[in-house]
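Quick look at the structure:
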């Protein structure tokens, strides 16, 4: 079944509403570029008075065209757009693209006009791109539906004939998508589509991604995103891309309203929406980049290379110095340049001159310009055990060997046993660039570009590996009862049964109303104890003077409880006090933080980091979409910059990472199962005791969604 957006991106016929004879004006350029781009179907200019426009018969209104077009291109004043869209829908037009500005981008007074466009699309079923859009280019299908002056029409026939894997570009920024396209043309990359989504009144970036996942001409998708309006839709499309073997490269800028929401927990305020994007992108194998060149570095490798199953790289170079520089660059990006196995080195030494090097990097010296040592070395490393990718360092400004070696290099590329990337330290000649492009081997002109390309391959491959199953659900009914019995912000004693319902260990505790009750509770629990004020209005107890620690007898407890009540009432006279929580003091260990925050677009995200003041001081957090298995939770712990603190720092005992990972996994399941109820949970600190001795949750903060009025 054709994709719902097929009439939009691959129309059989097109109307241009507002067409002009003047091809130097925007309304005239749209029609001129549609024709110049070799669109094969009927084109219907629509103008109220003209009989012909740019040599084509014109029609006074959309209903007067010989047949209802699949796509209407609309470039008229914004206040007329809703009426024309209604006419299009009534005439049977299947899709429309609105170039006109003057909608929500101009502020609140024009937002209503854009909402009319959204409503018309929803009511009629006609899909609408824009408004305020630069349009799109369907390269393979010869649909140039854009007024962008950046189109290189001379390159389009070659692009349409290209046999290599193609890249689709989706941009929420007007001209940026076509700028990336032009940069890619200079790299001899092949493209399928360039799409600007404009204001996204109806068709948004997630819809376009979904279309490109189904498009047989698209193999890699590059996206420039300012925001993602429908996280669930984006995630579903990205999951389909992952399953279909279509990598996604994203440049994401800006922060959504989610990043500025009021938050009680440390992690909710520290992470915000951008961390949630990173979390979801990692899970889905989406490669996040910071600029246009980095985007193309990643897309080029993903389009042309086979999977990268490890991070061990073999280097073949004609310059020992540049080969060493390449090795340094790769190792700084997390790759290894290991010594080659003795038998591999022996094969290479059979033909290398005595002053060459077979170790790794393999220095074939400048003599390789006069023999086949480059091709032979690449062939050896392409088969060598202990190597996952190969990088060739050459001088391709003038390379007499490349035409001679073309067939052997083409055979290596076709075999696809492991990624082979070329790097040239002078800028390449056009002939060299064209040769490698025709062969299908990626060519880079920067050291870091090679590293980014390899890293993209590694990220993509890792995301495609099966994840271990997340833990089974807990007692949801018991958790719901705990939430129903509490206010929007749960006190710690109210959070305890919620956590316990999912097997998260909570310490013994008693709630006391008076100093005397606190002393009795402490005697029953056993000394030493900690006292903590309980109030839904005081999420951070220490700041209100509501905590006392290491109390060793009943008298000390009673005195401390009285002091807490006095100090809290003085500092926070507005707070409703539920009592004082009495708990045993936890044994020593490493303070960690575990949390879950509900992202409005992507759902609950679980985080792990170092607790106490370190979380705010260092911001050392790792995040993943919930739920996760204990193995994935342990990988998050291992990804912390301070992870070595848990391994027995300076002679101390190693921490119980297994217990910590189990807690994080259970927390993630709780957050996932109750995503409709819970906004955020923060366990801070969680004391991680020495290996085999478990963890203790010392404090818990839970906020649930406001309850519906009864």
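Numbering (our numbering), first residue to last: 370 to 1079. Using N, Cα and C, we set each Cβ at its ideal position, and we do this for glycine too.
Assignment of beta strand (DSSP E) within the segment 527 to 614, counting only whole runs of 3 or more residues, yields 535 to 540, 559 to 565, 589 to 594 in chain order.
Under the criterion of beta carbons closer than 8 Å, residue 977 and residue 1002 qualify as touching, at roughly 7 Å. For residue 818, the enclosing alpha helix (DSSP H) begins and ends at 816 to 832. With contact defined as three or more Cβ pairs closer than 8 Å, the segment 536 to 553 and the segment 506 to 519 are in contact.
Taking the C-beta atoms as reference points, residue 805 is found nearer than 8 Å to residue 791.
Look at the segment 875 to 957 and you find these whole runs of beta strand (DSSP E), each 3 residues long or longer: 879 to 881, 898 to 903, 916 to 920, 948 to 953.
Closest by C-alpha distance to residue 646, out of 383, 607, 539, is 607. For residue 936, the CB contacts under 7 Å within the same chain, skipping 5 residues up- and downstream, are 914 in chain order. In this chain, the alpha helix (DSSP H) harbouring residue 1003 covers 999 to 1007. Secondary-structure assignment with DSSP links residue 791 through a beta bridge to 761, 812. Secondary structure remark: continuous beta strand (DSSP E) runs of at least 3 residues inside the segment 1036 to 1074, in chain order: 1047 to 1057, 1064 to 1066, 1069 to 1073.
Counting the other Cβ atoms within 10 Å of the Cβ of residue 901 gives 16 or more, which makes it buried. By the criterion of a C-beta distance shorter than 7 Å, residue 1008 is surrounded in its chain by 991, once the five residues flanking it on both sides are discounted. The continuous stretches of alpha helix (DSSP H) do not include residue 414, which lies in the beta strand (DSSP E) extending over residues 412 to 415. Assigned with DSSP and collapsed to three states, residue 504 falls in strand.
Excluding the 5 residues flanking it on each side, residue 571 has same chain C-beta neighbours closer than 8 Å at 486, 487, 490, 491, 496, 497, 498, in chain order.
In the DSSP assignment, residue 994 falls outside any alpha helix (DSSP H) and within the unbroken beta strand (DSSP E) covering 990 to 994. In this model, residue 469 and residue 565 are separated by some 13 Å (Cα to Cα). The count of Cβ pairs closer than 8 Å, one atom from the segment 677 to 696 and one from the segment 848 to 865, stays below three, leaving the stretches out of contact.
Around the beta carbon of residue 1019, fewer than 16 other beta carbons lie within 10 angstroms, which makes this residue exposed.
Excluding sequence positions up to five before and after residue 405, its CB lies within less than 6 Å of the CB of 522, all in the same chain and listed in chain order.
Unbroken beta strand (DSSP E) stretches of 3 residues or longer found wholly inside the segment 430 to 511: 440 to 443, 464 to 467, 496 to 498, 504 to 507, given in chain order.
Residue 858 is classed as buried because its beta carbon has at least 16 other beta carbons within 10 Å across all chains shown.
Distance between residue 948 and residue 1053, taken at the CA atoms: about 20 Å. For the options 376, 720, 615, 690, the alpha carbon positioned closest to that of residue 676 is the one of 615. Distances from the alpha-carbon of residue 951 to those of 885, 905, 941, 944 put 885 closest. Put simply, the backbone Cα of residue 807 is about 11 Å away from that of residue 778. Sixteen is the threshold: since fewer than 16 other Cβ atoms of the shown chains lie within 10 Å of the Cβ of residue 918, the residue is exposed.
Counting other Cβ atoms within 10 Å of its Cβ, residue 964 reaches 16 or more and is therefore classed as buried. Among the bridge pairs identified by DSSP, residue 621 is matched with 594. Short of 8 Å from the beta carbon of residue 408, and not among the five residues preceding or following it, lie these beta carbons of its own chain, in chain order: 383, 511, 512, 513. At a Cβ-Cβ threshold of 8 Å, residue 1057 and residue 1015 count as neighbours.
For residue 962, there is no enclosing alpha helix (DSSP H); the enclosing beta strand (DSSP E) has its first and last residue at 959 to 968.
With at least 16 other beta carbons inside 10 angstroms of its own, residue 716 counts as buried. The segment 477 to 485 makes no contact with the segment 387 to 402; the number of CB pairs closer than 8 Å stays below 3.
Listed as beta-bridge partners of residue 770 by DSSP are no residues whatsoever.
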